[in-house]
Amino acid sequence: MRFILSRYGGNVITKEELVKVCTKFNADPEYVVHYLLSYGYAVRILRGLYYVKTVEEFKLKRALKPLKIIGLGLDRLGLKWYYGLFTAFRLNPLTLLTKIFR
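For the sequence shown, UniProt numbering assigns the number 1 to the initial residue and increments by one for each residue that follows.
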């Protein structure tokens, strides 16, 4: 567990990478995934894609930013994506009536 937290903390890990680490340490991958998720060390983004929390996020129980985590996951998969207009307005406190350039 320490290796996974120190190596991948704050990053996204795929199921294949997790299986490689588990075979290196002779651990059952299904058990490790269940352990990480149940104790809150990791968050499932998509099937086979997990965000591993940093030590600070875990110990201080800081709230994760879901849009940032989803963005990290989609970048990790190599997909072309973008935040929509409504999400961009929400992230930067704007409305449709706000003048951006004054």
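Even glycine gets a Cβ: it sits at the ideal position worked out from N, Cα and C. As the structure is a prediction and not an experimental result, all values here were calculated from the model.
By the neighbour-count definition (other C-beta atoms within 10 Å, threshold 16), GLY40 is an exposed residue. For ALA88, there is no enclosing beta strand (DSSP E); the residue is part of the alpha helix (DSSP H) that begins and ends at 85–91.
Note that the segment 5–23 touches the segment 48–60; at least 3 beta-carbon pairs, one per stretch, sit closer than 8 Å. Rounded to whole angstroms, the separation of the alpha carbons of LEU96 and GLU17 is 43 Å. In this structure, DSSP gives ARG62 a state outside helix and strand, which the three-state scheme calls coil. Taken through DSSP and simplified to helix, strand or coil, THR23 comes out as helix.
Contact between the segment 61–81 and the segment 41–48 is present: 3 or more CB-CB pairs across the two stretches fall below 8 Å. Using a Cβ distance threshold of 8 Å, VAL32 and CYS22 count as a contacting pair.
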